[in-house]
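Undergrad: Position 32 of the sequence shown, counted from 1, bears residue number 637 in this note's numbering, the numbering being contiguous throughout.
For every residue, glycine included, the Cβ atom is placed at its ideal position computed from N, Cα and C.
Just so we're clear, the structure is a prediction, and the values are computed from it rather than from any experiment.
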Amino acid sequence: MSLRVEPLTGADLTAALPALARLRIEVFRDFPYLYEGTLDYEAGYVARFAAADGAVIVGAFDGDRIVGVATGAPMAGQLDAFVQPFRERGHDIEGIFYFGESVLLPAYRGRGIGHAFFDRREAHARTLGCSVATFCAVVRPDDHPMRPADYTPLDAFWRKRGYAPVAGLAGQFGWRDVGDAEETQKPMQFWMRTL
């Protein structure tokens, strides 16, 4: 296999958008997100993120096939659901870089791609003058009925990268869970580190 991780720009990014949308739906369908996504929503989301000022989208490839993606952009351009918790606590929004997601097909995990995703986005954030990186993760109860018996949260990986959850810094974001008829709001815990 010839695995590579690289930023997507220009025509390469545009050509990859449909694959990125499908990948998000596939990976986020699993616990803990349990996301019942649609291609229409995802296509718009990925295109909006790609067009954001200062954004970076990093792809992981096995040959020509996209097997993972990670996104990032300055916090100032994000949805209010993500920005407002920081404003309410007096954070300097202009100095914060937001990591939208890292999604990777299960067969490619444990090969250093997750670290490469963080490395590329952190480097990009520094070139923009950002001093803090953040992301958020859904909070699900330990006894959630759809939690697999062998589920291992990514907390240890994130801590190894220097990130920590910030007490009291949380938001809400809504989506429809697998098997549900209606969208519900989910608690989202923010993690941060100084760059």
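Which ranges does the alpha helix (DSSP H) cover as unbroken runs of at least 4 residues, wholly within the segment 704-790, from first to last along the chain?
TA: 718-732, 760-765
Undergrad: Helix, strand or coil for ARG694? Go by DSSP, reduced to three states.
TA: coil
Undergrad: Using the beta-carbon count (16 or more within 10 Å), is TYR640 buried or exposed?
TA: Taking all protein chains in view, the Cβ of TYR640 is crowded by 16 or more other Cβ atoms within 10 Å, so the residue is classified as buried.
Undergrad: Could you check if MET751 is buried or exposed, using at least 16 other CB atoms within 10 Å of its CB as the buried criterion?
TA: exposed
Undergrad: In terms of alpha-carbon separation, which member of GLU706, GLY695, PHE636, ALA681 lies closest to GLY673?
TA: GLU706
Undergrad: Please look up how many angstroms separate the CB atoms of VAL661 and GLY677, rounded, as I've assumed it's under 8 Å.
TA: For a cut-off of 8 Å, the C-beta gap from VAL661 to GLY677 is around 5 Å, short enough to register as a contact.
Undergrad: Got a sec? Which residues, its chain only, sit under 6 Å from PRO770 by beta carbon, not counting five neighbours each side?
TA: Same-chain partners within the cutoff: GLN794, TRP796.
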